[in-house]
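In what follows, a structure is listed as structure tokens, so that the remarks can point back to it.
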Amino acid sequence: MGVAAVLFGAAVLPLSMAFAQSGPAPAGAKPFLTVDGKAPLVLGHRGLPGLVPEETEASYDLAAALGTDALEEDLHLTKDCVLVVRHNPWLSDNTNIAEVAKTNAAVAARKRTVPGVRVKAPSATGVPADYLTDLSDPADPRSVLKSLIVDGEDHTNDWSISDFTMAELKQWIGGTTYDAANERPKVFNGKLPIISFQDVIDIAKVKSKETGRSILVYPETKNPTWNNAQAIANGCGVAGSRPLEDALIKIIGDNGLNTKDAPILVQSFEPGSLKYMRSHGLQTRQVQLVDGNGIDFKTGKVLLNNITNSRPFDWTVAGDARLYDAMLTPEGLAEIKTYAEGIGP
75 MGVAAVLFGA AVLPLSMAFA QSGPAPAGAK PFLTVDGKAP LVLGHRGLPG
125 LVPEETEASY DLAAALGTDA LEEDLHLTKD CVLVVRHNPW LSDNTNIAEV
175 AKTNAAVAAR KRTVPGVRVK APSATGVPAD YLTDLSDPAD PRSVLKSLIV
225 DGEDHTNDWS ISDFTMAELK QWIGGTTYDA ANERPKVFNG KLPIISFQDV
275 IDIAKVKSKE TGRSILVYPE TKNPTWNNAQ AIANGCGVAG SRPLEDALIK
325 IIGDNGLNTK DAPILVQSFE PGSLKYMRSH GLQTRQVQLV DGNGIDFKTG
375 KVLLNNITNS RPFDWTVAGD ARLYDAMLTP EGLAEIKTYA EGIGP
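Residue numbering for the sequence shown follows the working numbering, starting at 75 and increasing by one per position.
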């Protein structure tokens, strides 16, 4: 690569740390091919979060350096309607916001402390019969900015990414290791700023030019039902609109990526999100994500252990009692084919 280390602030990460985990294949090893005989795409899931905080510039830089074919990221909308890259919309588990709040009164004041409320599920056959929501005052759509209930999960006493502008996120808050954090290096915690989706697109373009190979971006519309309610309350759209998807369609078009063969794959767990984008001019390839948290391995049935991981949340809101396994039936796959090119189990 011609470089011995990557410098972040006062800390140096030897690339040997990364290459040691991705050495050459043993002699005689056969390549892993997909069912159509082609080489698989290697996805940099949130970049390379095993070594540096996920979904930061350093994470994507390292992923590209190690040969990944696609930079994967989760998208939310900030308070000022910018697409920001972060896995969870609550911030305490993958940023240093709790530490920042100790000395930054503006950050401390934005912690969401209002309890959510339970609403009855609209489907008579749906289980569970009710679920938590952050619409604490049904008469006031802006009340969703007070509680922090994401797709039925209670994150009261945490901070929401939708309460900060993009500039504030970049200036005040840094990423930390998240998945298996106890096993990850902590030297870069809080040192790498949160970045926007445009930043990731720019990284992919630069790294594609540097490496001579096309590096895709792989954005996910994260928690679309929740994000759109937040965005509308923040003035990013009118009642009934989809600011999250509209912002993604626009930025894809602005970057010349809105074609079927463009270096981008768009993914979501909520079919309504993908269907909306397809019907509103998005030409890129799309991937329907299929969760599998709680499986009867004898039958392949998804178990309803919680509404967040057992069915798309837009199905819950609409009163659709089906679970993710309905997507994997012949009928379900035929429906997906009408708006997406693949599934992501």
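For each residue, glycine too, the CB sits at the ideal point set by N, CA and C.
query                                                                                                                                                          : result
Check whether the region 270-289 and the region 174-185 are in contact - that is, three or more C-beta pairs closer than 8 Å.                                  : no
Are there 16 or more other CB atoms within 10 angstroms of the CB of T412, so buried, or fewer, so exposed?                                                    : exposed
For N332 versus L356, is the C-beta spacing smaller than 8 Å?                                                                                                  : yes
Could you tell me the boundaries of the alpha helix (DSSP H) in which L243 lies?                                                                               : M240 to W246
How big is the Cα-Cα spacing for A241 and N256?                                                                                                                : 30 Å
For A144, which residues does DSSP report across the bridge?                                                                                                   : L117 and L290
Once DSSP output is grouped into helix, strand and coil, what is the label at R352?                                                                            : helix
Three-state secondary structure (DSSP) at E46?                                                                                                                 : Residue 46 lies beyond the residue range present for the chain, which begins at 75 and ends at 419; the question has no answer from this structure.
Roughly how many angstroms separate the alpha carbons of A305 and K334, rounded to a whole number?                                                             : 28 Å
Here's a check: name, in chain order, each residue in its chain whose Cβ is nearer than 6 Å to the Cβ of I326, leaving out the five neighbours to either side. : N332
Using 8 Å for Cβ pairs, my map puts V391 next to T299. What's the rounded Cβ distance?                                                                         : 6 Å
I'd like the list of long-range same chain contacts for P317, defined as Cβ closer than 7 Å, with 5 residues on each side in sequence excluded.                : L151, C155, N302, A305, I306, C310 and G311
In this structure, does DSSP put Y252 in helix, strand or coil?                                                                                                : coil
Under 7 Å Cβ to Cβ from A414, same chain only, skipping five residues before and after it: list those, please.                                                 : L348, Q360, V361 and Q362
Can you name, in chain order, every residue of its own chain whose Cβ lies under 8 Å from the Cβ of E173, other than the five neighbours on each side?         : G264
Return yes when the Cβ of D232 is within less than 8 Å of the Cβ of S166, no when it is not.                                                                   : yes
Please identify the residue among Y350, E294, L107 and G249 whose C-alpha is closest to the C-alpha of V340.                                                   : E294
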